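Residue numbers (UniProt numbering): 1 to 191. For each residue, glycine too, the CB sits at the ideal point set by N, CA and C. Note that the structure is predicted; figures quoted are calculated from it, not measured. Notes follow once the structure below has been shown.
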């Protein structure tokens, strides 16, 4: 039924209450607009509308916000690894190859947002490491904290409840690990 037909036949309330569900799509060819060639996009997120009988608009589950992590917290975690915690870099693979926080795994948010919803077999086939279990705490970071926040929200939708977010992310890490030397002022000769 088209939207126009639904608008004529359904009460106005039914048109405004739509539940949104995220589903991963399997290997899909998408046209590359700039080159005129097709590019292979293994997984991406699709949105499916479902009817909703409740009168309230749908809400994303926000049981608890991700635990905030600082540089010191991440540094301590690298120094003393915890098998129940996993640092996840959600930047794109090219960004990850240019440098990453030690021990972090790369699960790109933009190119593979549905990754944590894949079956364990599909996940391992794509990423070449085991899918994180839902009882492990996932600590997300990106370049400046924007994608990591979105990735944590999406992980919660996929059923992960132990989540952390290093909002300072890569920029904060680099600033602490490679501080710029303070330039000394040249001495003035007094005559």
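Does the beta-carbon of residue 146 have 16 or more other beta-carbons within 10 angstroms, so that it is buried, or is it exposed? Locating residue 146 in the chain shown gives position 146, where the first residue counts as 1. Looking at its Cβ environment, which holds fewer than 16 other Cβ atoms inside 10 Å, residue 146 is exposed.
May I ask you to list the residues that DSSP assigns as paired with residue 68? Residue mapping note: residue 68 aligns to position 68 of the chain shown, counting from 1. For residue 68, which the question treats as bridged, DSSP gives the partners 165.
Taking the CB atoms as reference points, tell me whether residue 165 and residue 71 lie closer together than 8 angstroms. Walking along the chain shown from the start, residue 165 turns up at place 165. Walking along the chain shown from the start, residue 71 turns up at place 71. Contact flag unset, no.
Do the segment 120-131 and the segment 154-168 touch if we need at least three Cβ pairs shorter than 8 angstroms? no
Exposed unless 16 or more other CB atoms sit within 10 angstroms - verdict on residue 78: For the purposes of this step, residue 78 is identified with residue 78 of the chain shown, where counting begins at 1. Flag for residue 78 reads exposed.
Top-ranked residue by Cα proximity to residue 100, from 127, 149 and 141: Mapped onto the chain shown, residue 100 falls at position 100. Looking at the Cα atoms, 141 is the closest of the given residues.
Between 134, 144 and 170, which lies nearest to residue 84 when the distance is taken from Cα to Cα? Position 84 of the chain shown holds residue 84. The shortest C-alpha separation from residue 84 is found at 134.
I'd like to check one pair, residue 143 with residue 170: are the Cβ atoms closer than 8 angstroms? Indexing the chain shown from 1 puts residue 170 at position 170. Indexing the chain shown from 1 puts residue 143 at position 143. Contact check for residue 170 against residue 143 passes: the beta carbons are separated by less than 8 angstroms.
Can you say whether residue 117 is buried or exposed, counting buried as having 16 or more other CB atoms within 10 angstroms of its CB? The count along the chain shown starts at 1 and reaches residue 117 at position 117. Buried.
Run of the beta strand (DSSP E) containing residue 86, from where it starts to where it stops: For this step, residue 86 is matched to residue 86 along the chain shown. From DSSP, the beta strand (DSSP E) with residue 86 extends over 85-89.
Where residue 192 falls, given that 16 or more other Cβ within 10 Å makes a residue buried: This structure does not reach residue 192, given that the chain is present from 1 up to 191, and the question cannot be answered.
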